[in-house]
Structures are given as C-alpha cells and as structure tokens.
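*Asks:* When the sequence shown is numbered by this note's numbering, its final residue is 183 and no position is left out of the sequence of numbers. Got a structure for you, questions after.
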Amino acid sequence: MTNSETKIDRSIYPMPAFVTFPVADFARSVRWYESLGFVVLAEIPGPDGATMLVHLRRMRYQDILLVLGEPAPGYRPTFDAGGDDLERRAASLLAEVTSIGGLGVAHVEGPTRTPWYTTELVAVDPDGYSVVLSDPLREEATGDTRWTEMIEASMR
C-alpha cells in the first residue's frame with residue numbers, strides 16, 4: 028500500500044474543484060488511474076443501468092470524474108504527491124503500460140526536478156490526458172534561501 032492509498036478520504040463532501048475527463052473506455056482508464064494511486068470512489072449508473080460516471084479519488088480534494096465520451100486532451104491538473112515515492116510510482120505506471128499493451132498515447136515522463144523546487148511525475152493516460160504528481164523539495168535540502176526570498180518579495 029502506498030502513502031496516497033493510506034490517506035484516501037472516502038467521505039462525501041462538497042468538492043471545491045475536480046476534473047472531468049471524457050474517456051473512450053472506463054475499464055482501461057480506471058486501471059491506469061489505479062496505477063497512479065487513485066481508487067474508485069463510486070460508479071454511478073445511468074437511466075439504462077450502465078455506468079455513466081466513475082468517481083476517482085487519490086487524496087482529499089484530488090478527484091477525477093470519468094464519463095464516456097470523445098476524449099478531449101488538453102487538461103493538465105497537478106496534484107500533491109502526498110509523500111509518494113515518485114520513482115516507484117513511475118515504475119508502476121510503466122509496468123501497467125507494458126502489461127495492458129495497446130494503450131495508445133499512454134506514457135510517463137519523469138520524475139524530474141523543476142526550477143521551482145519540486146519533483147514532478149507526468150502521467151499521460153490512454154486518452155491523452157496529463158496528470159501531474161508534484162512533490163515539493165525542502166529548502167533545507169536545496170540550501171537555496173534565494174528561492175524563499177524571491178517568493179516572499181513577489182507576494183502582494
């Protein structure tokens with residue numbers, strides 16, 4: 028069990044923000060997002076009884092809704108990594124790409140260090156949506172107090 032799986036809040040609460048992705052195949056997309064640390068919170072049936080929406084959650088306020096439809100990549104939400112080992116998460120996703128096969132554009136980028144002192148893992152799902160897991164680097168690890176000074180100076 029990963030760090031994010033131990034922190035999943037399964038309670039029902041008003042979601043201040045979430046992303047909705049139209050996807051071509053629920054099962055394929057769910058499998059991908061489970062490898063990224065999300066769980067299926069709910070599968071909502073439509074009037075005909077077939078699933079019309081899958082609600083995924085990784086941590087509190089990290090929700091993705093999947094609906095069947097024509098994929099429209101272009102979204103790029105970023106979620107806190109929640110202490111996940113991003114190298115391990117990347118390896119898990121790459122294994123998923125290999126085991127499922129035929130995942131089209133699905134791929135993994137990173138984890139890479141950014142100039143703004145985070146480590147980020149970009150996971151592009153089978154429909155072309157990018158989801159970023161971001162883990163902040165501690166200032167004491169970087170030894171660069173200029174970053175904090177710059178941020179504080181830029182705040183209004």
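Using N, Cα and C, we set each Cβ at its ideal position, and we do this for glycine too. Because the structure is a prediction, the values reported are computed rather than measured.
1. Using only the alpha-carbon positions, how far apart do Val135 and Leu63 sit?
2. Where do the ends of the beta strand (DSSP E) carrying Leu93 lie?
3. Between the region 75-93 and the region 47-60, do at least 3 Cβ pairs fall closer than 8 Å?
4. Given this structure, state the Cα-to-Cα distance separating Tyr60 from Arg140, to the nearest angstrom.
5. Taking just the CA atoms, how far does Thr172 sit from Arg55?
6. Taking C-beta to C-beta, are Leu121 and Pro138 nearer than 9 Å?
7. Kindly indicate which residue of Ser181, Glu147 and Ile178 has the alpha-carbon position closest to the one of Ser157.
8. Give me the Cα-Cα distance between Pro212 and Glu70, rounded to the nearest whole angstrom.
9. With Leu164 as the anchor, note down where its alpha helix (DSSP H) starts and where it stops.
10. On the DSSP bridge list, what partners appear for Ser157?
11. Look at Leu164 and Thr105 and say whether their C-beta atoms are less than 9 Å apart.
12. In the DSSP assignment, find the unbroken alpha helix (DSSP H) run with Arg115 in it and report its ends.
13. Which word fits Gly109, buried or exposed, when buried means at least 16 other C-beta atoms lie within 10 angstroms of its C-beta?
14. Within the continuous beta strand (DSSP E) that includes Phe48, where are the two ends?
15. Is Asp152 closer than 9 Å to Asp111 when the C-beta atoms are compared?
16. In chain order, what residues of the same chain have a beta carbon less than 7 Å from the beta carbon of Pro72, not counting five sequence neighbours either side?
*Replies:* From the atom records:
1. Here residue 135 refers to the residue found at position 108 when the sequence shown is read from its first residue. Here residue 63 refers to the residue found at position 36 when the sequence shown is read from its first residue. Between Val135 and Leu63, the C-alpha separation is close to 10 Å.
2. Numbered from its first residue, the sequence shown carries residue 93 at position 66. Residues Asp90 to Leu95.
3. yes
4. For this step, residue 60 is matched to residue 33 along the sequence shown. For this step, residue 140 is matched to residue 113 along the sequence shown. Distance between the alpha carbons of Tyr60 and Arg140 is about 23 Å.
5. Translated into positions along the sequence shown, residue 55 becomes position 28. Translated into positions along the sequence shown, residue 172 becomes position 145. Answer to the nearest angstrom: the Cα atoms are 44 Å apart.
6. The count along the sequence shown starts at 1 and reaches residue 121 at position 94. The count along the sequence shown starts at 1 and reaches residue 138 at position 111. Against a cut-off of 9 Å, the Cβ pair of Pro138 and Leu121 comes out as no contact.
7. The residue given as residue 157 occupies position 130 in the sequence shown. The candidate whose alpha carbon is nearest that of Ser157 is Glu147.
8. Given that the chain is displayed from residue 28 to residue 183, the structure contains no residue 212 and the question cannot be resolved.
9. Reading the sequence shown from its first residue, position 137 is the one you call residue 164. No alpha helix (DSSP H) holds Leu164; DSSP gives it neither H nor E.
10. Counted from its first residue, the sequence shown places residue 157 at position 130. Ser157 is bridged to Val151.
11. Along the sequence shown, read from residue 1 onward, the residue named residue 164 stands at position 137. Along the sequence shown, read from residue 1 onward, the residue named residue 105 stands at position 78. Contact: no.
12. Translated into positions along the sequence shown, residue 115 becomes position 88. Residue range Leu113 to Ile127 is occupied by the alpha helix (DSSP H) that includes Arg115.
13. Taking the first residue of the sequence shown as position 1, residue 109 is located at position 82. Gly109 comes out buried.
14. Position 21 of the sequence shown, counted from the first residue, corresponds to residue 48. Looking at the DSSP string, the run of the beta strand (DSSP E) that includes Phe48 is Val46 to Val50.
15. Residue numbering aside, residue 111 sits at position 84 when the sequence shown is read from its first letter. Residue numbering aside, residue 152 sits at position 125 when the sequence shown is read from its first letter. Their beta carbons are not under 9 Å apart, which means Asp111 does not touch Asp152 by this criterion.
16. Stepping through the sequence shown from its first residue, residue 72 is reached at position 45. Excluding positions up to five away in sequence, the list reads Thr78 and Met79.
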